[in-house]
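S.K.: Sharing a structure, written as structure tokens. Questions coming.
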Amino acid sequence: MTEVSRKLEPGRLVIASHNKGKIREIAALLGPHGIEPVSAADLDLPEPEETGTSFIDNADLKARAACDLSGMVALADDSGLCVEALGNRPGIFSARWALNGNSHVPPEDEPGHVEGDRDFMRAMQRVHDEIQALGPEAAENLNAHFVCALAVVWPDGHSEWFEGRVDGTLVWPPRGTNGFGYDPMFVPAGHDQTFGEMDPDAKHRISHRADAFRKLVEALF
Ligand code: IMP
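Residue numbering for the sequence shown follows the numbering used here, beginning at 703 and increasing consecutively.
Here is the structure:
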């Protein structure tokens, strides 16, 4: 969104996420602007099903559900990896590609660790296999990008949306044990290391999430 008419006033804001890491990160980013984040888990809010067809749709529906149930301004995010050769899949299905059928339980030091019922080595292997299955010419296109969408919804129904992005290329095999998700197979443009090998602070400066939050802070404060 480029035209933003609404500002965020200091006070309580629900973060529509049950992920403690995400909430800590968001609290650190918004705290200096007088925002007191409250997590959806603290309020016992249920997690809605992500039925949207875009990152923005899913962020908006999560924020709207939290706002409706709490009566407070709510913020939600949705993110994922888009692979050019695969028509931008897995995209909004990035987390779902890692759903663990328990067929592969990697050791802890293997890149693409298990997060709850999600196995990201399995998800990265699927990305690699689907690219290879396209044949040698198509498989040369290893361009990919991460997207992070943010939605802020007010109790009167008004919403503001922001989208951040980081471009890069995929490598195989995955490298590095930092980060999470698809980090070990993604090299951001202009760098040699994967997000899984990079110092986490360096990743956080250039990530899709940083880009989206920069846009949010610029527009809403
Ligand atoms: P969300 O919690 O619904 O936004 O799920 C996003 C999914 O996209 C995560 O589970 C990861 O698979 C992937 N993803 C999003 N951001 C990143 C990132 O910074 N690094 C690696 N994977 C990511």
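A virtual CB, placed ideally from N, CA and C, is assigned to each residue, including glycine.
Select from D885, G713, P857 the residue whose C-alpha is nearest the C-alpha of L868.
M.R.: According to the sequence shown, residue 868 is Val rather than Leu. V868 has its Cα closest to that of D885, out of D885, G713, P857.
S.K.: Is R714 helix, strand or coil by DSSP?
M.R.: strand
S.K.: Look up F897 in the DSSP assignment and say whether it is helix, strand or coil.
M.R.: Coil, per DSSP.
S.K.: So, at 6 Å on beta carbons, what are the nonlocal neighbours of L745 in its own chain, with the 5 sequence-adjacent residues on each side left out?
M.R.: S772
S.K.: Which residues have their C-beta within less than 5 Å of a heavy atom of ligand 1, listed in chain order?
M.R.: D780, S781, G782, S796, A797, G883, Y884, D885
S.K.: Using a Cβ-Cβ cut-off of 8 Å (strictly less than) and excluding sequence neighbours within five positions of A800, which residues of its own chain qualify?
M.R.: E817, R820, D821, F822, R824, A825, G883
S.K.: Could you tell me which whole alpha helix (DSSP H) segments of length 4 or greater appear in the region 710-759?
M.R.: Along the region 710-759, the alpha helix (DSSP H) occurs as fully enclosed runs of 4 or more residues at 722-732, listed in sequence order.
S.K.: Where DSSP assigns a beta bridge to P792, which residues make up the other side?
M.R.: C784
S.K.: Identify every run of the alpha helix (DSSP H) within the region 821-891, keeping only runs that are complete inside it and at least 4 residues long; order them along the chain.
M.R.: Runs of the alpha helix (DSSP H) inside the region 821-891: 822-834.
S.K.: R778 by DSSP, collapsed to three states: which one?
M.R.: Per the sequence shown, residue 778 should be read as Ala rather than Arg. Looking at A778 - three-state DSSP - the assignment turns out to be strand.
S.K.: Counting only the same chain and skipping the five closest in sequence on each side, list residues whose C-beta sits under 7 Å from that of K905.
M.R.: G881, F897
S.K.: With a threshold of 7 Å, establish whether the CB of A743 neighbours any heavy atom of ligand 3.
M.R.: As far as ligands go, the structure on display features ligand 1 and does not contain ligand 3.
S.K.: Report the residue from C850, R714, D913 whose alpha carbon sits nearest the alpha carbon of L783.
M.R.: C850
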